[in-house]
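To start, the structure itself, in structure tokens.
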Amino acid sequence: MLDHSGQADANEEIERTKAKLRKVMQQEYTSFEDMVASVAPLNTHSIVAALHDLQNPKESLGKLHDLIRLVKTEIKELAADRAALSLHDDRLNELYMGETYSLMSERWEKLYRDFYSIPKQEYDLSKLPDIYDCIKYDMLHNLNGAHATTKYGRALFNMAELFVTNIEELEQHFETAHLNYLQNTDQRTQDFKYLTAKDQELSKDIEIKIRKIERLQANLTQWRTKIAQNVRECTDRNKALEEEKSQIGGHFQSLKAKMNRMRDEHKKRLTTLSHNARETNLKLTASQELAERILKLGELARKLETEREQVLPFYHSTIEDAQQAADDVNALKQGIVVATSGSGAVDNHLKLGLIQPHGSFATGEAVSEWEYLDLFWKRYNKALLDAMAIQNEKARVEVENRELQAVLKQYLDGISVNEQVMSSINPLLVVNGRLTLNQSNTPATIELTHTIVDANHMVSTNRVSGRHA
Numbered sequence: 001m002l003d004h005s006g007q008a009d010a011n012e013e014i015e016r017t018k019a020k021l022r023k024v025m026q027q028e029y030t031s032f033e034d035m036v037a038s039v040a041p042l043n044t045h046s047i048v049a050a051l052h053d054l055q056n057p058k059e060s061l062g063k064l065h066d067l068i069r070l071v072k073t074e075i076k077e078l079a080a081d082r083a084a085l086s087l088h089d090d091r092l093n094e095l096y097m098g099e100t101y102s103l104m105s106e107r108w109e110k111l112y113r114d115f116y117s118i119p120k121q122e123y124d125l126s127k128l129p130d131i132y133d134c135i136k137y138d139m140l141h142n143l144n145g146a147h148a149t150t151k152y153g154r155a156l157f158n159m160a161e162l163f164v165t166n167i168e169e170l171e172q173h174f175e176t177a178h179l180n181y182l183q184n185t186d187q188r189t190q191d192f193k194y195l196t197a198k199d200q201e202l203s204k205d206i207e208i209k210i211r212k213i214e215r216l217q218a219n220l221t222q223w224r225t226k227i228a229q230n231v232r233e234c235t236d237r238n239k240a241l242e243e244e245k246s247q248i249g250g251h252f253q254s255l256k257a258k259m260n261r262m263r264d265e266h267k268k269r270l271t272t273l274s275h276n277a278r279e280t281n282l283k284l285t286a287s288q289e290l291a292e293r294i295l296k297l298g299e300l301a302r303k304l305e306t307e308r309e310q311v312l313p314f315y316h317s318t319i320e321d322a323q324q325a326a327d328d329v330n331a332l333k334q335g336i337v338v339a340t341s342g343s344g345a346v347d348n349h350l351k352l353g354l355i356q357p358h359g360s361f362a363t364g365e366a367v368s369e370w371e372y373l374d375l376f377w378k379r380y381n382k383a384l385l386d387a388m389a390i391q392n393e394k395a396r397v398e399v400e401n402r403e404l405q406a407v408l409k410q411y412l413d414g415i416s417v418n419e420q421v422m423s424s425i426n427p428l429l430v431v432n433g434r435l436t437l438n439q440s441n442t443p444a445t446i447e448l449t450h451t452i453v454d455a456n457h458m459v460s461t462n463r464v465s466g467r468h469a
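Using full-length UniProt numbering, the letters of the sequence shown map in sequence onto residues 1 to 469.
What follows is the structure, encoded as structure tokens:
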């Protein structure tokens, strides 16, 4: 015996089987064998016999529907006739149990309308018992010849009875077969339920594991994506670093080449500076010797000055005086030449003037004896001033030379490494956060002062001997 749950499942299965049977009954088949193969694949004798009576169910249902339409039409015509006769006698419109022809016509109209669904294009087999009951009721009470007769009522009754009988037989057979199958397979059903429950549990387990696998797969995909992204980023970063490295290398090479060029240029400049310094030193030495010689000659010449020359060593003329004197000399020479050519005899005084040196001012006055050396003292004073200027320039150049030597030594100490450089003060070394720069070793410039002695004092102290005209 089936338990309550098994009975409920069996009822559901029977209803599904009936619905399937109704669906199969409304399909069109090309042959009877196709219908039997679809409805009864096991070729059960009772099912095949019931189907043999129905032949093509879809076609038979169509015929049944047409018969309902014909019977409905006949009843509608009878209702119209009885309605006309009922004007004289109301009893002519009454049927069994007080029903009228109009109500009977409405009943068949409703059956005709409900039996076939036009939107679904299918027949409602659940209406077959109602059709069978209605035609049976009318054939017994209303259309039996006592009240009225129908031409298609008997055919409709026979076909409805055939459908109801065979379909009920098929449903009963399916129900019996299914119940026998369920009773025979009750243990299998229990096992099936157990296995179904187990399968559900395992399905849940599998679903959980699948979700876990999906999560792991998603994580794996995410990590793979991150790895690929990191690989791309690292590749790009490495590429950028390589490019930066190459750029820095190129920049380093260019800076190194530039530094080498600067070193070569500085070396050339230092070499040129050394040559220039040596040449300047030689020139200064020669200039110094020349100045010393000029000074010696000046001292010797000063000893030969007269007292007036010692007292008035400076001349009062200017550059124009020298030019005027030159013009006077030229004019005098020209006058002498003219005088000589004009008269054959020359004055002794004129000859004496030509033989002895003499001079005159612009006014024609003769130059005094003490003024003979004015031009010399003019040149001498120029030479003395030049000597003093040269001496000052020499001192300045010596100071500049010492400063340049100090700068050169600092530069050479900065680019060379030896024991002397490391032991001395080096600007490149930082000890205890302190930077010590080389101090300039240039000594202070010593200004030479010249003793100036008045000429009268020199004469009075007999340091020089004066000459008198």
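Glycine included, C-beta positions come from ideal geometry on N, C-alpha and C.
Where the alpha helix (DSSP H) containing residue i begins and where it ends
| i | result |
| --- | --- |
| residue 478 | Any answer about residue 478 is impossible in this case: the structure gives the chain only from 1 up to 469. |
| L128 | 128-137 |
| V399 | 374-415 |
| K110 | 101-115 |
Rounded straight-line distance, which links the Cα of residue j to that of residue i
| i | j | result |
| --- | --- | --- |
| V397 | E403 | 10 Å |
| G298 | E292 | 10 Å |
| C134 | E59 | 22 Å |
| Q247 | A389 | 58 Å |
| K268 | N230 | 55 Å |
| R107 | Q172 | 29 Å |
| A331 | A366 | 16 Å |
| F192 | Q217 | 34 Å |
| E175 | Q183 | 12 Å |
| T306 | K296 | 18 Å |
| K258 | L220 | 55 Å |
| K303 | H266 | 53 Å |
| D66 | Y112 | 9 Å |
| L125 | G62 | 12 Å |
| R188 | T196 | 11 Å |
| E244 | D264 | 29 Å |
| R69 | E12 | 35 Å |
| V71 | K110 | 13 Å |
| S423 | V417 | 10 Å |
| L270 | N260 | 15 Å |
| A228 | R211 | 25 Å |
| Q222 | T235 | 19 Å |
| Y116 | S203 | 44 Å |
Cross-strand partners of residue i (DSSP beta bridge)
| i | result |
| --- | --- |
| Y194 | According to DSSP, Y194 bridges with nothing at all. |
| T122 | The residue you asked about is not Thr; residue 122 is Glu in the sequence shown. DSSP, once it has assigned bridges, lists S117 as partnering E122. |
Sequence-distant residues of the same chain with beta carbon closer than 7 Å to residue i, five excluded per side
| i | result |
| --- | --- |
| K136 | F157 |
| K151 | E74 |
| L284 | K394, V397 |
| E168 | none |
| D89 | Residue placement at D89 cannot be trusted, given a pLDDT of 49 that sits under 50; the coordinates are not used to answer. |
| Y132 | A160, E161, V164 |
| E214 | none |
6 Å CB neighbourhood of residue i in its chain, flanking five on each side removed
| i | result |
| --- | --- |
| F163 | L128 |
| Y411 | none |
Cutoff 8 Å: residue i Cβ touching any chain D Cβ
| i | result |
| --- | --- |
| H141 | Protein chain content of the structure displayed is limited to a single chain, and chain D is not contained in it. |
Proximity test, residue i beta-carbon vs the ligand ADP heavy atom, cut-off 7 Å
| i | result |
| --- | --- |
| L162 | Ligands are entirely absent from the displayed structure, and the ligand ADP is therefore not among its contents. |
Own chain partners of residue i with C-beta closer than 8 Å, once the 5 adjacent residues on each side are dropped
| i | result |
| --- | --- |
| L273 | L404, L408 |
| A301 | F376, Y380 |
Inter-stretch contact (C-beta, 8 Å, three-pair minimum) for the stretch 277-288 and the stretch 369-378 = no
Count the CB pairs spanning the stretch 274-283 and the stretch 381-388 that are closer than 8 Å, and state whether there are at least three.
-> no
If you pair each beta-carbon of the stretch 63-79 with each one of the stretch 102-110, do three or more pairs fall below 8 Å?
-> yes
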